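Just below is one structure, and these are the notes that go with it.
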Amino acid sequence: MKLVGIAGTVEDKSYNKILLQFIANHFSRLVDIEILGIEDIPMFDQDNDQTNSGAIQYLNRKISGADGVIIATPEHNHTITAALKSVIEWLSFKVHPFSNKPVMIVGASYYEQGSSRAQLNLRQILEAPGVNAIVFPGNEFLLANVKEAFDDNGNLKDDKTTAFLESTLQKFLKFVKVINTMDQASGGNDDAADSEDLNATGKISTTIEDVDMAADDWVEKAAEKVHAVDGNTYVKLDRGLLTVDQLNYFLNSMPIELTYADSNNQFIYYNKMTDTKKMLAPRRPGQVGDPLSLVHPSGLLRELSTSFTP
Amino acid sequence: MRKYIGLVGTNTKQSTNRQLLQFMKRHFKKQAEIELIEVSGLPMFNKPQDKQVPARAIEIAKKIDASDGVIISTPEYDHAVPAVLMNALEWLSYGIHPLLDKPVMIIGASFGSLGTSRAQAHLRQMLDSPEISARVMPSSEYLVGHVLEAFDDQGNLTDKDKVKQLDALFADYQQFVEISKELWHTLKVDKEEVKKIDAEDFK
Chain X
3 MKLVGIAGTV EDKSYNKILL QFIANHFSRL VDIEILGIED IPMFDQDNDQ TNSGAIQYLN
63 RKISGADGVI IATPEHNHTI TAALKSVIEW LSFKVHPFSN KPVMIVGASY YEQGSSRAQL
123 NLRQILEAPG VNAIVFPGNE FLLANVKEAF DDNGNLKDDK TTAFLESTLQ KFLKFVKVIN
183 TMDQASGGND DAADSEDLNA TGKISTTIED VDMAADDWVE KAAEKVHAVD GNTYVKLDRG
243 LLTVDQLNYF LNSMPIELTY ADSNNQFIYY NKMTDTKKML APRRPGQVGD PLSLVHPSGL
303 LRELSTSFTP
Chain G
39 MRKYIGLVGT NTKQSTNRQL LQFMKRHFKK QAEIELIEVS GLPMFNKPQD KQVPARAIEI
99 AKKIDASDGV IISTPEYDHA VPAVLMNALE WLSYGIHPLL DKPVMIIGAS FGSLGTSRAQ
159 AHLRQMLDSP EISARVMPSS EYLVGHVLEA FDDQGNLTDK DKVKQLDALF ADYQQFVEIS
219 KELWHTLKVD KEEVKKIDAE DFK
């Protein structure tokens, strides 16, 4: 699953930017959140349509391509900022990327109210017909007295607040799934994908038992356990014989990145043709053996887990 | 004669909200002077650390300060006040507070039948915030729906009932401006509150 995050402000120093960055960093294991800036978006002006400008098209594309959106809003004058309102006006004029998009609202403020009025107001704006977003109901996250809330590293000081934020985010991720499933016309296969056991808790005939799947040296330990051959030893294939070295050479010279996940959803092989950093879908050597739930954020995984299963 | 500022809450050239204010200016010229002010052209509000408020905002603030009251005409975008008007109000409540205790009347015109009802409620809420603390006339919603048919070629409201309603509302507003002068007890507290907010912003 991929979310985008927007802090509704163009101030240089903003606690709502800090809050959003914290959510993206702290919960990166749960979900991938890309933060989008709105500094370059001009004031909405219907006489001077700038929908096709780079800045607006960038937001349009990013939001359209995301599974959901998180907006962190400050409160000015009991409402959201003009800067955020202007962005929404552009994105409800000629293009409508928010349409049917699940949106979660959070907010931080200097005072006790914690942006409560701005959040309500934003909800109303996002649900206007031209915007047509699907705002996550209930689950308000208001961060009051924000000047005291973060430590020097931009982390929330209060563990209870962090835990509450996490449970809210978890619920939102479920909400995103539900809304997007509802929205997919007649896909039909989603339920099957959802019921996939991505933690690889099952067992198939080739599962190597009693080796810690998450361990970085799973390959070495599992190889030892099953006495796996390597080097110049021959392996008999469907029609031919190759040594393990030849097989490696062959697979690593493929111009594509190959990943093998077995039908128990355990990731057991990739062709280590290049450095992790250079890979399109980066894999680390230590990941091999992991259940798929540890390898990817879950959205991307759905396709992989179903299409690569033998 | 009283002097009012008419704030045009849009940056669109062809705006019925501007037209509505222009109509009021002509229609009430014997009772009051109404000067129209545009809110477009201000930079996007970004709470600048250097506390510099744009010259144009200061100019608008001075005019509001010198007036007896403000009439704001707002369109409705996405069930709310347009960003351009929100932006002006942000600048007009950052270190400067010309709308503090100023009698305000809200009007609005729209293409559809609802006539900006949600935007007006939104504007009311903004004007009620401690940073602005304007004195908005209660029970005074004035909505003009279906505006494309509402004005004739000379820019006059064609619907006699709408004109009658506006006459009554404006008479009430004149009275409201008078009454507001008696409501001075909170002014001192409001000013202190605003000072506190500014101090927090400028820390």
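Protein chains in written order, with our numbering: chain X, 3 to 312; chain G, 39 to 241. Every residue gets a Cβ at the ideal spot worked out from N, C-alpha and C, and that includes glycine. Computed from a prediction, not measured in an experiment: that's the story for all the values here.
Between Gly79 (chain G) and the rest of its own chain, which residues show a CB-CB distance below 7 Å, the 5 nearest in sequence each way excluded? The answer, listed in chain order, is Arg94.
Listed in chain order, which residues of the region 126-148 of chain X have Cβ atoms closer than 9 Å to some Cβ of chain G? Result list: Gln126, Ile127, Leu128, Glu129, Ala130, Pro131, Gly132, Val133.
To which residues of the same chain is Glu238 (chain G) closer than 6 Å at the C-beta, ignoring the five residues directly before and after it? Contacts found: none.
How many angstroms separate the CA atom of Leu58 (chain G) from the CA atom of Pro86 (chain G)? Rounded to whole angstroms, the separation of the alpha carbons of Pro86 (chain G) and Leu58 (chain G) is 34 Å.
Inter-residue spacing [alpha-carbon to alpha-carbon] between Asp88 (chain G) and Leu45 (chain G): Near 27 Å, if we compare the C-alpha coordinates of Leu45 (chain G) and Asp88 (chain G).
Using a Cβ cut-off of 9 Å, pull out every chain G residue sitting near Ser265 (chain X), in sequence order please. Annotation: Ser265 (chain X) has no Cβ neighbours in chain G at a cutoff of 9 Å; minimum Cβ distance is about 48 Å.
So the candidates are X:Asp153, X:Asp154, X:Thr163; which of them puts its Cα closest to the Cα of Ala146 (chain X)? Selected option, being the one with the closest Cα: X:Thr163.
Buried versus exposed, by CB contacts within 10 Å (16 or more), Met82 (chain G): Met82 (chain G) comes out buried.
Under a three-way DSSP split, which group does Ala225 (chain X) fall into? In this structure, Ala225 (chain X) counts as helix in the three-state DSSP scheme.
Helix or strand or just coil, what does DSSP make of Glu91 (chain X)? In the structure shown, Glu91 (chain X) sits in a helix (DSSP, three-state: H, G or I).
Extract the residue ranges of the alpha helix (DSSP H) inside the region 55-141 of chain X, only unbroken runs of 4 or more that lie entirely within it. If you keep only unbroken alpha helix (DSSP H) runs of at least 4 residues inside the region 55-141 of chain X, you get 56-67, 84-92, 118-128.
Could you confirm whether any beta carbon from chain G is found closer than 8 Å to the beta carbon of Thr347 (chain X)? Since the first residue shown for chain X is 3 and the last is 312, residue 347 (chain X) is missing from the structure and cannot be characterised.
Where Phe177 (chain X) falls: helix, strand or coil (DSSP): Of the three classes helix, strand and coil, the one that applies to Phe177 (chain X) here is helix, per DSSP.
Per DSSP, what kind of secondary structure is Ile20 (chain X) in: helix, strand or coil? Here Ile20 (chain X) sits in helix by DSSP.
I'd like to know whether the C-beta of Phe166 (chain X) is nearer than 8 Å to at least one C-beta of chain G. So, not an interface residue.
If you compare alpha carbons, which of X:Gln248, X:Val228, X:Asn234, X:Lys223 is closest to Gly288 (chain X)? Per the Cα distances, X:Lys223.
Three-way DSSP call (helix, strand, coil) for Glu318 (chain X) in this model: With chain X represented from 3 up to 312, any question about residue 318 (chain X) goes unanswered, as that position is not in the structure.
Which partner residues of Leu145 (chain X) appear in the DSSP bridge assignment? Partner(s): X:Ala110.
Closest Cβ-Cβ distance between Ser94 (chain X) and chain G: below 8 Å? Ser94 (chain X) counts as touching chain G.
To the nearest whole angstrom, what separates the beta carbons of Met164 (chain G) and Ile109 (chain G), a pair I think is in contact under 8 Å? Going by Cβ atoms, the distance from Met164 (chain G) to Ile109 (chain G) rounds to 16 Å, so no, they are not a contact pair.
With a threshold of 7 Å on Cβ separation, who are the neighbours of Ser148 (chain G) within its own chain once the five nearest residues in sequence on each side are excluded? Counting only Cβ-Cβ distances below 7 Å, and skipping sequence neighbours, we find Pro113, Glu114, Thr154, Gly183, Val185.
Start and end residues, alpha helix (DSSP H) containing Phe252 (chain X): Counting along the chain, the alpha helix (DSSP H) containing Phe252 (chain X) begins and ends at 246-254.
With DSSP as the reference, please indicate the residues paired to Pro141 (chain G) in a beta bridge. According to DSSP, which records beta bridges pairwise, Pro141 (chain G) is partnered with G:Arg173.
Whose C-beta lies closer than 8 Å to the C-beta of Gln268 (chain X) among residues of the same chain, with five residues either side of it excluded? Closer than 8 Å at Cβ, skipping near neighbours: Ala202, Thr209, Met215, Gly291, Asp292, Pro293, Leu294.
For Ile235 (chain G), the nearest candidate out of G:Ile75, G:Ile102, G:Ile170, G:Lys200 (CA to CA): Across the set G:Ile75, G:Ile102, G:Ile170, G:Lys200, the C-alpha of G:Ile170 shows the shortest separation from the C-alpha of Ile235 (chain G).
Residues that Ile8 (chain X) bridges to, as DSSP identifies them: In the DSSP output, where bridge partners are listed per residue, Ile8 (chain X) has X:Leu38, X:Ile73.
If we call anything under 8 Å between Cβ atoms a contact, is Ala157 (chain G) one with Val119 (chain G)? Their beta carbons are under 8 Å apart, which means Ala157 (chain G) touches Val119 (chain G) by this criterion.
Partners in chain X for Ser131 (chain G), counting only beta-carbon separations shorter than 9 Å: Correct list: His78, Asn79.
Less than 8 Å between the beta carbons of Asn55 (chain G) and Gly146 (chain G), yes or no? Yes, they are a contact pair.
Counting only beta-carbon atoms, is Leu306 (chain X) nearer than 8 Å to chain G? Low local confidence applies: a pLDDT of 45 at Leu306 (chain X) is under 50, so the model's placement there is unreliable, and no value is given.
Own chain partners of Met45 (chain X) with C-beta closer than 6 Å, once the 5 adjacent residues on each side are dropped: Within the same chain, Met45 (chain X) has close Cβ partners Ser88.
Using beta carbons (cut-off 8 Å, strictly below), is Lys87 (chain X) in contact with chain G? Chain G contact via Cβ: present.
What's the gap between the Cα of Glu259 (chain X) and the Cα of Lys96 (chain X)? Looking at the two C-alpha atoms, the distance is approximately 39 Å.
How would you list, in chain order, the residues of chain X whose beta-carbon sits under 7 Å from the beta-carbon of Thr50 (chain G)? Per Cβ cutoff of 7 Å: Gln48, Asp49.
Step through the CB atoms of chain X and report whether any lies within less than 8 Å of the CB of Val182 (chain G). Against chain X, the CB of Val182 (chain G) has no partner CB under 8 Å away; the residue lies outside that interface.
Counting along the chain, where does the alpha helix (DSSP H) carrying Val122 (chain G) start and finish? 121-129 is the extent of the alpha helix (DSSP H) around Val122 (chain G).
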